[in-house]
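A short write-up of the structure that comes next.
In the numbering used here, the protein residues as written are 1106 to 1495.
Structure (structure tokens):
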């Protein structure tokens, strides 16, 4: 059957849209990427999201409106992909939409319960395209005592786990997260956690220092030098001292954090700031492996996905720090680094379609495996069924 996955991450680059053919479920899942596009965030909408993320007390009408504005953005992405492939929503079994994370609090803080909020009203997609939509994948895991993240490990276990070799799937999007796949013969459980910042801090610094949205190919970082003094300061971040399961986001490594770092080290050359921030991301990944993976097992290879897979400086730093471990990208294996997460939500949606749990409790810390996602039905189904009978 055909399905579509939508992913918009913390970097706000755009809406990753994957059209896939998928059959089976669980370990029998077979998925093929038919088409993929990233549709840009309109600048006014990106600015509105960032403004709300900066404001501890956003206006309720603005927040409510944003839910529907993002729903329309995701609906437009579905429409463009359908039109490109000469299809309609009726050709799809479902759309699986992650939504846009506005706030994620994985643990209780004082009187505040652990909670998460993703916006992007699925009813807009369902209504406009006559299709069932699965969304809000994180909330059920949190209801079951988990952190609601990371969710991608389920798809990675299905697609990448090997019988004899241990593999790490390192995603470098706005945030860095790793899924550890011990060999099947080891009997060890799959687990995952956020390693720390991914591209988020680098991208924000590029915007401030160069008025560019990202460091294309890592060229700026490669032209600079790493400041050991600045690096030592960065490595004091409290998140890096936490044990897993742990998740992070814009709350820890967002715009305010980047601004404070750049102000503190404003005497450094611009390219040296970018080089150091890039090395910081690589170092946090390597430190996480040293703390939480290498004491348990030997890694045979690391597969890099997400936008960071295109950053040559970041890959170079990682290969240097993970000396002795093979470091590959999704492209080296014939896959797409950019489409990986949108495809993952097709797989999660497929498990929900078949009424099967898809959270990895070793990744999220949930008490039990649970079925993820809320279903918004095609609201026109009754009329379409009636017409079909006439």
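For every residue, glycine included, the Cβ atom is placed at its ideal position computed from N, Cα and C.
Distance from the Cα of residue 1130 is smallest, within the candidate group 1270, 1329, 1455, for 1455. The C-beta separation of residue 1257 from residue 1241 comes to about 16 Å, leaving the pair out of contact by the 8 Å criterion. Annotation: residue 1150 to residue 1400 spans about 44 Å, alpha carbon to alpha carbon.
Sixteen is the threshold: since fewer than 16 other Cβ atoms of the shown chains lie within 10 Å of the Cβ of residue 1337, the residue is exposed. Judged by beta-carbon spacing, residue 1416 lies within the 7 Å limit of residue 1323, meaning their Cβ atoms are closer than that value.
Under the 10 Å beta carbon count, residue 1255 is surrounded by 16 or more other beta carbons and is classified as buried.
The beta carbon of residue 1435 sits closer than 8 Å to the beta carbons of 1408, 1409, 1410, 1414, 1441, 1442, 1445 from its chain, once the five residues preceding and following it are set aside; these are given in chain order. Straight-line spacing of the CA atoms in residue 1250 and residue 1472 works out to 6 Å. Proximity of the segment 1386–1393 to the segment 1221–1240 falls short of the contact definition, fewer than three beta-carbon pairs being nearer than 8 Å. Its chain contains 1373, 1377, 1381 as the residues whose beta carbon lies nearer than 6 Å to that of residue 1332, once the 5 sequence neighbours on both sides are disregarded; these appear in chain order. The residues 1140, 1142, in chain order, have a CB closer than 8 Å to that of residue 1189 in the same chain once the five nearest residues on each side in sequence are set aside. Annotation: the continuous beta strand (DSSP E) that includes residue 1406 extends over 1406–1410. Listed in chain order, the beta strand (DSSP E) elements of length 3 or more contained wholly in the segment 1118–1206 are 1119–1128, 1135–1145.
Taking a contact as a CB-CB distance under 8 Å, the pair residue 1116 and residue 1305 counts as one, their CB atoms being some 6 Å apart. Here the alpha carbons of residue 1302 and residue 1361 stand approximately 14 Å from one another. Going by beta carbons, residue 1298 and residue 1349 fall inside the 7 Å limit.
According to the DSSP secondary-structure assignment, residue 1220 is paired through a beta bridge with 1210.
Within the same chain, Cβ atoms closer than 6 Å to the Cβ of residue 1145 are found at 1119, the five residues on either side in sequence being excluded. In this structure the segment 1159–1178 lies against the segment 1218–1226, because at least three pairs of beta carbons, one per stretch, are closer than 8 Å. In this structure residue 1406 is in contact with residue 1433, their Cβ atoms being roughly 6 Å apart against a cut-off of 8 Å. Taken through DSSP and simplified to helix, strand or coil, residue 1471 comes out as coil.
About 14 Å separates the CB atoms of residue 1106 and residue 1123; that is not less than 8 Å, and the two are not in contact. Of all alpha-carbon atoms in 1159, 1157, 1156, 1186, the one lying nearest the alpha-carbon of residue 1138 is that of 1186. DSSP places residue 1275 in the strand class (E or B) of the three-state scheme.
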